[in-house]
Amino acid sequence: MTAPLDVSGSAAEAHPESVLAGAGKAIQGRSLTRIAWMRLRRDKVALAGGGVVVLLILVAIFSTPIIAAFGHPPLEFHQDQIDPATLLPKGSFGGMSAEYLLGVEPVNGRDIFSRIVAGAWISLLIGFLATVVSVIIGTVLGVIAGYFGGWVDQVIGRLMDVFLAFPLLVFAIALAGVIPDQGFGLEGNGLRIAMLIFIIGFFSWPSIGRIVRGQTLSLREREFVDAAKSLGARHGYIIFREVLPNLMAPILVYATLLIPTNILFEASLSFLGVGINPPTPTWGGMLSEAVRFYTLPHFVIFPGLAIFITVLAFNLFGDGLRDAFDPRAH
Amino acid sequence: MSFLDVKDLKIHFPTDDGLVKSVDGLSFGVERGKTLGIVGESGSGKSVTSQSILGLHKGGRARLSGEIWLDGEELIEASTEHVRSLRGKKMAMIFQDPLSSMHPYYTVGQQIIEAYRIHNDVSKQVARKHAIDMLGRVGIPEPAKRVDSYPHEFSGGMRQRAMIAMALSCDPELLIADEPTTALDVTVQAQILDLMRDLQREFNSALIIITHDLGVVAELSDDILVMYGGKCVEYGTAEDVFYRPEHPYTWGLLGSMPRLDREPTERLLPIKGSPPSLINVPPGCAFHPRCPYAERTGDRATTEVPALAETEGGHLVRCHMSREERRGLWENEIKPVLETQ
Amino acid sequence: MLTYIIRRLIGAFAMLVVISMVTFGIFYVVPQWAGATPEAMASRYVGRAATPETVHLVAERLGFYDPVVVQYGNFVKGIFAGAQYDYGAGVEHCPAPCFGYSFITGQPVWPDLLDRLPVTFSLAIGAAIIWVIAGVSVGVLSALRRGSFFDRLTMGTALAGVSLPIFFTGMISLVVFSYGLGWTPPGGAWTDFSANPAEWAYNLLLPWITLAFLFAATYARLTRAGMLETMGEDYIRTARAKGLRERQVVVKHGLRATLTPILTLFGIDFGLLIGGAILTETTYTLPGLGQYAILAIRTQDMPQVMGVVLVAAMFVVVASLIVDLLYAVVDPRVRLS
Amino acid sequence: MRRKHALAGAATAALALVLSACGGGGGSAQQPAASASGGGAQAAFNAAITGVYNPSTKKGGTLKAAHSSDWDSLDPGDTYYGYSFNFGRFYWRTLTMYKPGPGPEGNTVVPDLAESLGEPSEDGKTWTYKLKSGLKFEDGTPITAKDVAYAVARSFDKETFPHGPSYLNELLDWPEDFKGVYKTPDVDYSSAVEATDDSTLVFHLKKPFASMDYVVQMPMTAPVPKDKDTGAKYREKVVSSGPYKFETNEIGKRFTLVRNDQWDPATDPNRPALPDRIEVQLNVNADDLDNQIIAGDIQLDIPGTGMQPAALGKVLPDPALKARTDNPTIPRLWYISVIPDTAPLDNVNCRKAVQFAADRVANQTAYGGEVAGGEIATNVMPPPIVGQEKFDLYPSADNKGDVAKAKEALAACGQPNGFSTTMAFRSDRPREKALAEAMEQALARVGIKLTLKGFPASSYFSDYAGNVDYVKSNGIGLAAHGWGSDWPDGYGFLQAIVDSRTIRDAGNYNLSVKNPEVDKLIDQASAELDEAARAKLWVEVDKKVMEDASILPVVWAKSLLMRGQGLTNIAYNEGQSMYDYVMLGVE
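Residue numbers (our numbering), protein chains in the order written: chain A, 1 to 330; chain B, 331 to 671; chain C, 672 to 1008; chain D, 1009 to 1595.
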């Protein structure tokens, strides 16, 4: 999130305690989870967002048959569609036609529709998995900080401050720029995707860490934790059986809201030219190429819209989820 | 007509989950210099009632009907602006949690001064003097110094005193105290209650004390209204309600009054179950699922809403059981248990 | 209070040390792990005619043969004590804070940073004014008219706003307003405020609005949520019970409490922005710190990277310190200790 | 040797690496003006290639120029960009310079500071230049042969001046203990370069070298007054020897040149010095720069590498705008190194398979198309190189590649089903990225699977494609590359990229040509004194490399240049590979 720069707005949402305070209260009983589900089912906007998310996931999974049905292979050149002097699409509206639904790219004439469809999985995969990384790091450190308190909390708290003070985009670019070719049993784009997931996830953890810490702090004072302690339960038992299950709702909510942030982060890195290697299409990468051809609206708008719709859908769904878990929002 | 006269007050909230009938046909009255205690569990509608008198429900989605007459003026139909001008001046309120009810960013003095200057066109200096004066009258030591303290710098009891000073700063004729002592220690509770009694005498205002604890109103109240599920279930003089209670719910409340010789959690006459959902109020008598005597009236308990009927001399009870049956139960079963302790 | 400030300053300093070490590690150590020799690193900074001897000499001059610890130590020394720069015909003293000399242009980094700061600062300050005013007022109005058409419209717009990548909105706005309608200057336009304030503002108008839109959306959402929460607080009910007019309830009691946490966010956001609005500056090719950072990374100009990262981090650290101090002023419950 | 092209703008790579030429001068300025009947003010496509466009001798006005990036250095001893050699002649003078004006004559050198071209000794190891009289620095002190010798000696210090060319470091007979004028101020360097008197300069070479006149037109011979030399900081305040001097210089932002009243036009027939003032803005957005050139707000795009792709779509379809452009072929080749260190490309048949499988049209389009990119290249040397011959060892119908032949070659290589390898490119160069993508598509047709990998341009040759260890351990089989000549003959173009003996551990520009037969031919060609026979031998080198299939030519670069509005006296100079800047005037 924003932590870095102007990737996605403000550090604001890095302080979601207030937002989730309600969810925290709601987690006491299973029945409240059910109530949240009922609320969510009634929230049409959130459901629409969720629907689009599901649709996008399906598109990502079934990109091959979709492209086969409606487009051309995403890497295939169609230079017959291109004016050899200006390098621009010959047809009007960027070469849009029944053959090329969203037109073709300048220079090589690749089918924009296919490339957008084929680019979905990168955005979603990195968005999801980077969030998983953030959630894991954030939860572990947040629980440790909140549960043990004292100097442990101090150290982890400082660590979070350091991360928030980092110009993260600079670091991400620098790191992404020195990714080697092989390592960890992966190579090429596989390694690159893995590294991007790690970098994005690694830089996004403090936001989720803060929430988890805050929630853990309040859970620690609750009766059932006291009860477990008085029964002589070990820390591990209390954390895994008493604390973590009660953190699931806020983590779920916040993770959902972190996904779109991470998708934007990936798009920003691709836009700045340190994303996935070509020719694999990514939305941010398409936009960065479109900069050179800003006179072609279709080349700019379609990848931009793809990012926008995806991020918006996740945000709508995440907002709905949060409202559902937060009685005060009603 | 009483100084405050509430007639058939209904407060309903439409929600996604259905219509919440917070208050459903409530009538009562209070005279100047008199005290009414409204007693009930949380969710019984007692706080909503008090806020609707002050018009504080406005802006929300509440639907009000009925009549609220204050000193001959009807408030429900009155303009928002007019009700606002009465608030603080003619009627004031003391809230449950003095910490959260006072603005954390302003000093106690600033908050009292503000309250005073809304209704009195005086300079800040004059208002400040008044605030110091009020703080002194509610028993805050060194008021000239404490007037510049922030609420969080006060102890709980001091804060509640400050709240009271704020509420009384414009000399209101009706004072509503919503759970004024719930957030306080037992010893402080007594002090605050004494203070309120003294001040009421001094100001000769009408006082409504809202509480879930009969003990709080025992000494203070002239009349007591017991609410359950948004309805009045018993209404009478303090003497009636304490010495001749006729509703099984009131018996339960009496049985759970804290006493110094009992563990606070130990209940003599436990009321089983929990307060009813205001969305799905149980059919028939709202109390029947928790009432140990429900089967005595057979199907009526679940099918017929009991009427609020006068048992004698202004003592009203909402129960299917006959007067004799209730009195018999009280005399033979309940009273002896309560008195053994 | 004083001890608090001193303690915080020490903490801030420690944080900058950590950040400088990490940055140094990424640019100096990671390449070596990846197998780069001092010569390979040096050959980035020589012309195409460079012979092995040239490369060797440059590697020596840049200190690449020294152990990393020594290199880092020299860097730190430069910041506090200044450094000597051998420019061939003589030695120049680079006074503290000396972030070294660019490996590419040979120019001292610190003046470069000072030179670019006004651009980023101008961008940030203008955008901040717009987004705070727009975001907060929209948020307050939406909260007060919850569920109204206005609320739904603005909150829908705000959600769209936080979902739009700024490089996309930036490009679209350039294409439409600059290249299409010609209302605003093209990307890259920059005039110093002191030279011509009107032109300064005119040139920055589009970046301001674009950047402000993103933040305003976030702030509107947060203000609305905060306002809704505040207006449900007990003390608001108290204020109303006193007979206060609704406007005063909102402004004096509601806003005051809502804005305090927003202030914290604002401090951090603003600090982050002054450190370089990379995407905005890239999209509009504004010669600010963000663009400087990107160029420095692209050309692997290590002193420049170190300088810009540390300066950016410093702004965040200072901003958060100021915010904490301000918080203590605004919220009497907060005690600094 | 190699001149840098502008790393600058995102898009264009093409810059002329050609050696800078000389300026247009008084005499030459009049000459083209007089002979440029073909030019005139009649706007037409390529009007400034064949003749001088809008000839004029009017003095005065301000020339507004801009650069989408920045100079490597303004110091004549520390710069290696073509545009820098070209533009620098406004404020420096060198012993010789390219003949100003259009046409093939632009490839020849004429004297500048020197009275005449250099005089070689019998053995070709000593070159003597006589300086004109009346030469002065901007402060009025006379320019003597000592100042030139000092300039040459100071440029020796590559630690202080890492950017400039090192021809003279290699050619001259420097004393063993000479480490530069700053580190070893007392060492006598007269064994390499000496001023025998105030007007006589003598170069002593280690071995015979025929093209000395080309070398000394480079700015290392621009005089530097010793008492004003501030080493690496001299770039901030260069002392002018040319018709203009610095008024202001804000490094990285802008600078302004004004007339140098100490410059005597009588000593300088090559520079008409028409404008009164020259303003240069640096780091201007490249797209915006194009728009301002089109609109007339800026008159000169200094890098001279051609317009950005977004502008092409605007300019080419519009006859009025197109008429303002010139589209020369420059002595630069964009190509792909096919690296024989990486199996199975160690087998020449596999390399040939790559040659046949490539889709040249797709590659050309990737590189910017027929106008902004260049002509499809079939061999290594570009057409502007003297003696160049076109030939095609891997022909295919429509230049789309010959899949059948490629498969035959694969079979011969023992890889009938194709193979996998990695292609490197500079990730901040969109054209190289597009090229890599085009190759990936084309080679897939014959079963060769390409993995594409982008690297930062700043460390492309030092850490990646030009680093032998990296290439070997990471299996880089193909690498996008580009080369421009420092002067327009076979040696100037080919030597650095095909001589295997130049290969070092890191920072290589010859990535793939490791053939002893090629090296042998290079030696033969270098030793050949007859110009025509020498040119033939360079063609042989070219053929050998193509037979070796270790270079896959992409395009012989062309750039689309736009003549700024209000400019006079515009001519494309072949020596500079861009407009001749010192000829320009403003209306």
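Glycine is no exception: its CB is placed at the ideal position from the N, C-alpha and C atoms. Just so we're clear, the structure is a prediction, and the values are computed from it rather than from any experiment.
7 Å CB neighbourhood of residue i in its chain, flanking five on each side removed
{"i": "Q742(C)", "result": "Y699 and G734"}
{"i": "P974(C)", "result": "F770, G771, Y772, S773, F774 and V780"}
{"i": "G1031(D)", "result": "Unreliable placement is indicated for G1031(D), whose pLDDT of 30 sits below 50; no coordinate value is reported for it."}
{"i": "L312(A)", "result": "none"}
{"i": "D1507(D)", "result": "N1518, D1527 and I1530"}
{"i": "R220(A)", "result": "G146 and Y147"}
C-beta neighbour in chain A for residue i, strict 8 Å
{"i": "D1410(D)", "result": "no"}
{"i": "Y850(C)", "result": "yes"}
{"i": "F820(C)", "result": "no"}
{"i": "A1042(D)", "result": "Residue confidence for A1042(D) is low, a pLDDT of 37 falling below 50, so the modelled location carries little weight and cannot support an answer."}
{"i": "G946(C)", "result": "yes"}
{"i": "V688(C)", "result": "no"}
{"i": "P1438(D)", "result": "yes"}
Cβ of residue i within 8 Å of any chain G Cβ
{"i": "D1165(D)", "result": "In the structure shown, chain G cannot be found, because the protein chains are A, B, C and D."}
Within chain A, partners of residue i - CB distance below 8 Å
{"i": "T1373(D)", "result": "Q79, I82, P84, L87, V107 and N108"}
{"i": "A984(C)", "result": "A165, F166 and P167"}
Proximity winner among the options, relative to residue i (alpha-carbon distances)
{"i": "S357(B)", "options": "N450(B), A445(B), S499(B) and I341(B)", "result": "I341(B)"}
{"i": "P723(C)", "options": "Y1242(D), A1557(D) and T1510(D)", "result": "T1510(D)"}
{"i": "I406(B)", "options": "E361(B), P434(B) and K337(B)", "result": "K337(B)"}
{"i": "G810(C)", "options": "L899(C), L960(C), L936(C) and V920(C)", "result": "L899(C)"}
{"i": "R656(B)", "options": "R574(B), L668(B), G560(B) and R491(B)", "result": "R574(B)"}
{"i": "V922(C)", "options": "M902(C), K913(C) and P932(C)", "result": "M902(C)"}
{"i": "V1411(D)", "options": "S1470(D), R1368(D) and G1381(D)", "result": "R1368(D)"}
CB contact check: residue i to chain C, cutoff 8 Å
{"i": "N315(A)", "result": "yes"}
{"i": "A1240(D)", "result": "yes"}
Residue i: contacting residues in chain A (beta-carbon distance under 9 Å)
{"i": "F838(C)", "result": "A267, S268, F271, L272, G284, L287, S288, V291 and G304"}
{"i": "I843(C)", "result": "P297, V300, I301 and G304"}
Residue i at chain D interface by Cβ criterion, 8 Å
{"i": "T64(A)", "result": "no"}
Per-residue contacts from residue i into chain D (C-beta, under 8 Å)
{"i": "E221(A)", "result": "Neighbours of E221(A) on chain D: none; closest Cβ ~52 Å, over 8 Å."}
6 Å CB neighbourhood of residue i in its chain, flanking five on each side removed
{"i": "G466(B)", "result": "P473"}
{"i": "V747(C)", "result": "none"}
{"i": "G659(C)", "result": "Missing from the structure shown is residue 659(C); chain C here goes from 672 to 1008 and no further."}
Amino acids of chain A, ordered along the chain, whose beta-carbon sits closer than 7 Å to that of residue i
{"i": "S834(C)", "result": "P260, F308, V311, L312 and N315"}
Interface partners of residue i on chain C, CB under 7 Å
{"i": "V1292(D)", "result": "G859"}
{"i": "V54(A)", "result": "Near V54(A) there are no residues of chain C at all, since even the closest Cβ is about 18 Å away, more than 7 Å."}
Minimum Cβ-Cβ distance from residue i to chain B less than 8 Å
{"i": "A1014(C)", "result": "What is shown of chain C runs 672 to 1008, which leaves residue 1014(C) out entirely."}
{"i": "V1005(C)", "result": "no"}
{"i": "D905(C)", "result": "yes"}
Per-residue contacts from residue i into chain C (C-beta, under 9 Å)
{"i": "F171(A)", "result": "V693, T694, I697 and V980"}
{"i": "R531(B)", "result": "Going along chain C, no residue has its Cβ under 9 Å from R531(B), so there is no contact; the nearest lies around 23 Å."}
Contacts that residue i makes with chain B (C-beta to C-beta distance below 8 Å)
{"i": "D1002(C)", "result": "P434 and Y435"}
Which full runs of the alpha helix (DSSP H) of 4+ residues lie inside the segment 1270-1305 of chain D, going along the chain?
Counting only runs of 4 or more residues that sit fully inside the segment 1270-1305 of chain D, the alpha helix (DSSP H) segments are 1294-1303, in chain order.
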